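First residue of the sequence shown: 102, per the numbering used here; consecutive thereafter. C-beta atoms are modelled at their ideal positions from N, C-alpha and C, and glycine is treated no differently. Note that the structure is a prediction, hence the values are computed from the model and not measured.
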Amino acid sequence: MSSDKGIANSLDQPKPKAPIDVLPDNILLEIFSLGARSTSNTSFSFRVSTICQLWRSLAINDPRLWTALSVIITADIAPPPIPTGQSFDRSLVFPREVLISERSGDQDIDFSLEYKSSGDDETEGFMEPHYLVLSQCLANIAHRIRSFCVTTFDWPEMYHLCAWLKGIEMPHLEVCHLVAMCSEIRVYMPTYEDDDETLPVTSQDLLQRGTLQYPALKYVRCAGIPMDWGLFCTSNLQALCIQDQPSMERPGTELLQGILSNSKDTLEVLELSYVVGLYDEEPGDSPLSESRLTLPHVKQLKLTYYHPREAQHVLGAFDFPTLCSITMKSHDEDKDSSMVLAELLQYVDVEQLLDVVLTGISLPQEDFLEQEMNGAQEESLPLVLRFLCWLTCRNLHKLVLEYCCGDFLKFMNYRHESGGGEVNLARLHALIVKVGTEDASVGVMSFVQDRLALGTVDGVYIGPVLEHMIIIVKRNIQEEADSLGDLKLAKDGVFLFCNVTLMN
């Protein structure tokens, strides 16, 4: 009896995990898909069994291991040759991709294509026929594609990749990212192609009739690719990022309102970088604030602009009542962004913001004596000071200042409680300051020294103490910074010194 009980107990003991059980799915996928690259008349089944032996049946019978379809293009690796003739088996060109499509069964597919730059003279690894063959492969599984994330060198490759997806319903598509690597150069161009009125619309196939063809689509990013704004009617998005459009290809304020109105009750994240069209508007023209569109659920907003009026038009055309995080980036840090700051104060509840990132924001220098500001009415205070007072009066969590004018730091130590309140950093969790010149570095050092002096009582610094502080400056103030010892302004504080200007 005792022996029988011992046998029963041993059967109840959990078996140790086999090696296959501890390997991530992506490694298993690579192991089994390697078998698709048949050479020297070696069959797929033999190669897999040689590599994996007892693991073979698991891979073949478990579609969950075959749901990540990724293609990486580099200029260093020659693309597969395209067979001659009108009809050929697509697996001869893309054996791995076809295998994954077949083995995934009825599972949703996450597709990604990434172009990796070599850093030298760029040469596209894939030619037009490669993209068209891959597009045919994708068309066969379009109804199962859950995410479609593509980065190509330029927009024509994207157009060829999407050619066979035109008009096909993709009911499971949730994420669509279309990015051209050289998109940043488009910002300096008036159009995509000069004198080309027959330019194909890359994004049209994936973004028109969005509610009907792509009912599950929630996250969209388009950078540096042609857009037909009149057909952009995707609805119920949660995140929308549009970047890097030529100056004459950008939608005006009214059209932009029409685009975003389709997702006004669902949109949570909005990024517009070099997207707002100004066209022939006069510099004095102001946005149509009386017809502002409310986006009640947008929590994060990022605006990158070549001309300050682009940001002014967005702030004047849309209302963001629940905004928590904002990033404002000027293309030219020498341009006056004072009107942008004024629009922020007018149209945004600045005191509700938790995270603020300002990059390249410059304003005309204002010379105010401290005695003149003491007791002055709020509207008489310098614009930066008014902005900082409202920004820090409640729950500001993180503030990032990159290549901004020195007035921001100059007024952050303002403490007069009369006539406009004070700049209160007591609730601030993290402060990051980045400058790129020696003069600006001296201004940062003055801010730190003044901050220490204000918080020091009887030779001891009593606060406020931030959780994190990162200060990136030039080396001309390194000796002064080293003399301070530990940066008492923060629990985790650090000076970083660089010899070159750090650009985003």
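Could you please give me the residues that DSSP links to A324 through a beta bridge? V280, Q344
Does DSSP put Y515 in a helix, in a strand, or in coil? coil
Take the Cβ of I174 as the centre, count every other Cβ of all protein chains shown within 10 Å, and call the residue buried at 16 or more, exposed below. buried
Residue from L341, L484, P465, L526 with nearest C-alpha to C494: Per the Cα distances, L526.
Over what stretch of residues does the alpha helix (DSSP H) that includes I360 continue unbroken? Taken as a continuous stretch (DSSP letters only), the alpha helix (DSSP H) holding I360 covers 354-362.
Contacts around A324, its chain only, beta-carbon distance under 6 Å, and the 5 residues preceding and following it disregarded: Contacts found: V280, S284, Q344, D345.
Note down, one range per segment and in chain order, each alpha helix (DSSP H) of at least 4 residues found wholly within the stretch 542-584. 579-584
Less than 8 Å separating the beta-carbons of L338 and S364? yes
Can you list, in chain order, the residues of its chain with a C-beta nearer than 7 Å to that of T168? Leave out the 5 residues immediately preceding and following it. S205, Q208, D209, I210, D211
Cutting at 8 Å between CB atoms, please list the residues of its own chain near M259, excluding the five before and the five after it. V251, T253, L279, A281, T303, I326
Neighbourhood of E444 by C-beta, 8 Å cutoff - its chain only, sequence neighbours within 5 removed: A412, Q413, L416, G417
When you compare only the Cα positions, how much space is there between V370 and H261? 29 Å
Which of helix, strand or coil does DSSP assign to I462? Coil at I462, not helix or strand.
Per-residue burial, Y289 [other beta carbons within 10 Å of its own, 16 or more giving buried]: Around the beta carbon of Y289, fewer than 16 other beta carbons lie within 10 angstroms, which makes this residue exposed.
In the DSSP assignment, what residue or residues form a beta bridge with K319? According to DSSP, which records beta bridges pairwise, K319 is partnered with nothing at all.
Alpha-carbon to alpha-carbon, A317 and E198: 24 Å
8 Å CB neighbourhood of V234 in its chain, flanking five on each side removed: Hits under 8 Å: I183, R191, V194, F195.
If contacts are defined as beta-carbon pairs under 8 Å, then N514 and D551 qualify, I think. What distance do you get, rounded to the angstrom? 5 Å
DSSP three-state call for F426: helix, strand or coil? Before going further, note that residue 426 is Ser rather than Phe in the sequence given. In this structure, S426 counts as strand in the three-state DSSP scheme.
What's the call for L555, buried or exposed, on a 16-neighbour Cβ count within 10 Å? exposed
Rounded to the nearest angstrom, what separates F333 and S213 at their Cα positions? 23 Å
Name, in chain order, the residues that DSSP records as bridge partners for E503. In the DSSP output, where bridge partners are listed per residue, E503 has T460, K535.
Whether L368 touches L396 by CB criterion (8 Å): yes
Shortest alpha-carbon distance to T538 belongs to which of S188, L200, G461? G461
Rounding to the nearest angstrom, what Cα-Cα distance links M228 and I128 in this structure? 29 Å
Just curious, the beta strand (DSSP E) that I452 is in, first and last residue? Residue identity differs from the one stated: residue 452 is Glu in this sequence, not Ile. First-last for E452: undefined, no H or E at that position.
Can you tell me where the alpha helix (DSSP H) with V370 in it begins and where it stops? No alpha helix (DSSP H) contains V370, which is instead part of the beta strand (DSSP E) from 370-374.
Where the beta strand (DSSP E) through S597 begins and ends: The sequence shown places Leu at residue 597, rather than the Ser named in the question. Per DSSP, L597 belongs to the beta strand (DSSP E) from 591-599.
Using C-beta distances below 7 Å, list every residue in its chain close to G378, excluding the 5 sequence neighbours before and after it, in chain order. R351, P352, G353
Own chain partners of D587 with C-beta closer than 8 Å, once the 5 adjacent residues on each side are dropped: G594
Have a look at S439, I563, Y448 and flag the residue whose alpha-carbon is nearest the alpha-carbon of F421. Y448
Tell me which same chain residues have a C-beta within less than 7 Å of the C-beta of D255, skipping the five on either side of it? A281, C283
Taking C-beta to C-beta, are V501 and L459 nearer than 8 Å? Yes, the Cβ-Cβ distance between V501 and L459 is below 8 Å.
Suppose you measure from the CA of I427 to the CA of L567; what does that come to, to the nearest Å? 21 Å
Can you round the beta-carbon distance between W491 and V451 to whole angstroms, since I take them to be within the 8 Å contact cut? 4 Å
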